[in-house]
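What follows is a set of notes on a single structure, which appears directly below.
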DNA sequence: CGGGATCCTAACCGATACTG
DNA sequence: CAGTATCGGTTAGGATCCCG
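Protein chains in written order, with the numbering used here: chain A, 1 to 139; chain B, 1001 to 1139.
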């Protein structure tokens, strides 16, 4: 409410921040394949998690993408990165307070996925079946 | 809970669906630049919205991306597409019941963005300032 | 009006090799 | 261990043209 952006918040929230407003950029943070998952893993493990530990728990992510994702989250103040300059080095990641609050939302998203994925999957099958052999729907 | 996937739900939700499970795919639906915004606009306008209307309200989206996004949402059963074969044609999009429930989540995300974007933006500035001229942090 | 079909570029992202 | 650097394939996605 004190940003250098002529921009009105509610009630039409989405339409208001659609036009080059900061919140839109923030939303785009979530538009990432790994962000919600990283937040979720960090959230579920209450304790800090080391890099390779994180990588193992995020099966499928490459170290490059994990690094990049974590850097982004750190940059946005969502994730804290603590470095212990031992040998071998030890780097621990954890959610900041801000990240934790977003983590709750990402968890809600996860729960929603868990609850509704069957509906979505069956909707997909229906759609695919419908569009596959229906170039001319009404004969 | 009745999917053809050996997969246990809670309590470690994220870690459970990390390994090629349906919910993960569903989560990836949300990892899209436009999905949350489209859902948001459709949610805020209670009424059905026509294609080009939608396009105008989603300032910046190309018709290609809007089409693709809407097709995906329709395929997943989140958005309903009603075609009125008049001249000129009239196509209206609206949220399905499933889409509406997801719309609530996307709205929560929007609200979160609205509330916290300043923190994120300032965190970014701090981070950039810190990393810009600190190749050797301790002198 | 609501798209589909192409072309083309930037970015994403995986694989690999190297480093403190 | 926790990265960085580089190469190269794939894709996302914008611009443009066209059609019913």
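We put the CB at the ideal spot given by N, CA and C, even for glycine. On a predicted model such as this, the values are computed, not experimentally measured, just so you know.
Quick one: what's got a C-beta closer than 7 Å to residue i's C-beta in the same chain, skipping five residues either side?
| i | result |
| --- | --- |
| residue 30 of chain A | 36 |
| residue 102 of chain A | 39 and 78 |
| residue 1057 of chain B | 1041 |
| residue 1061 of chain B | 1034 and 1055 |
| residue 63 of chain A | 55 |
| residue 1046 of chain B | none |
| residue 11 of chain A | Interpretation of residue 11 of chain A is limited by its pLDDT of 46, a score under 50 that renders its predicted location unreliable; the figure taken from the coordinates is listed afterwards. Answer for residue 11 of chain A: no residue qualifies. |
Hey, out of the options, whose CA is closest to residue i's CA?
| i | options | result |
| --- | --- | --- |
| residue 1027 of chain B | A:85, A:32 and A:27 | A:32 |
| residue 111 of chain A | B:1040, B:1105 and B:1099 | B:1105 |
| residue 1024 of chain B | A:85, A:132 and A:115 | A:115 |
| residue 1119 of chain B | A:119, A:132, A:126 and A:96 | A:96 |
| residue 1128 of chain B | A:126, A:130 and A:73 | A:73 |
| residue 1034 of chain B | B:1086, B:1059 and B:1045 | B:1059 |
To the nearest whole angstrom, what separates the beta carbons of residue i and residue j, a pair I think is in contact under 8 Å?
| i | j | result |
| --- | --- | --- |
| residue 1055 of chain B | residue 1070 of chain B | The Cβ separation is near 10 Å, so there is no contact. |
| residue 123 of chain A | residue 1076 of chain B | 6 Å |
| residue 94 of chain A | residue 48 of chain A | 4 Å |
| residue 43 of chain A | residue 107 of chain A | 6 Å |
Residues in its own chain within less than 6 Å of residue i by CB, not counting five upstream and five downstream?
| i | result |
| --- | --- |
| residue 99 of chain A | 78 and 79 |
| residue 1051 of chain B | 1091 |
| residue 1121 of chain B | none |
| residue 132 of chain A | none |
| residue 85 of chain A | none |
| residue 53 of chain A | none |
In its own chain, which residues sit with a C-beta less than 8 Å from the C-beta of residue i, not counting the 5 before and 5 after it?
| i | result |
| --- | --- |
| residue 1109 of chain B | 1036 |
| residue 89 of chain A | 83 |
| residue 1125 of chain B | none |
(request) Just list the beta strand (DSSP E) runs in the stretch 1077-1132 of chain B, keeping only unbroken ones of 3 residues or longer that don't cross its boundaries, in chain order. (result) 1079-1084 and 1090-1095
(request) Give the residues from the stretch 90-120 of chain A that approach chain B closer than 8 Å (Cβ to any Cβ), ordered along the chain. (result) 98, 101, 102, 105, 107, 108, 109, 110, 111, 112, 113, 114, 116, 117, 118, 119 and 120
(request) Report the residue ranges of all alpha helix (DSSP H) runs contained in full by the stretch 1046-1076 of chain B; include only those spanning at least 4 residues, in chain order. (result) 1051-1057 and 1063-1075
(message) Short of 8 Å Cβ to Cβ, which residues in the stretch 62-84 of chain A face chain B?
(response) 74, 75, 76, 77 and 78
(message) Under 7 Å, CB to CB, which of the residues in the stretch 1021-1042 of chain B have a partner in chain A?
(response) 1022, 1023, 1026, 1027, 1028, 1030, 1031, 1032, 1033, 1036, 1037, 1040 and 1041
(message) At a CB distance below 7 Å, what residues from the stretch 1120-1132 of chain B approach chain A? Give them in sequence order.
(response) 1120, 1121, 1123, 1124 and 1127
(request) Within the stretch 1021-1046 of chain B, note down every full beta strand (DSSP E) run reaching 3 residues or more, in order along the chain. (result) none
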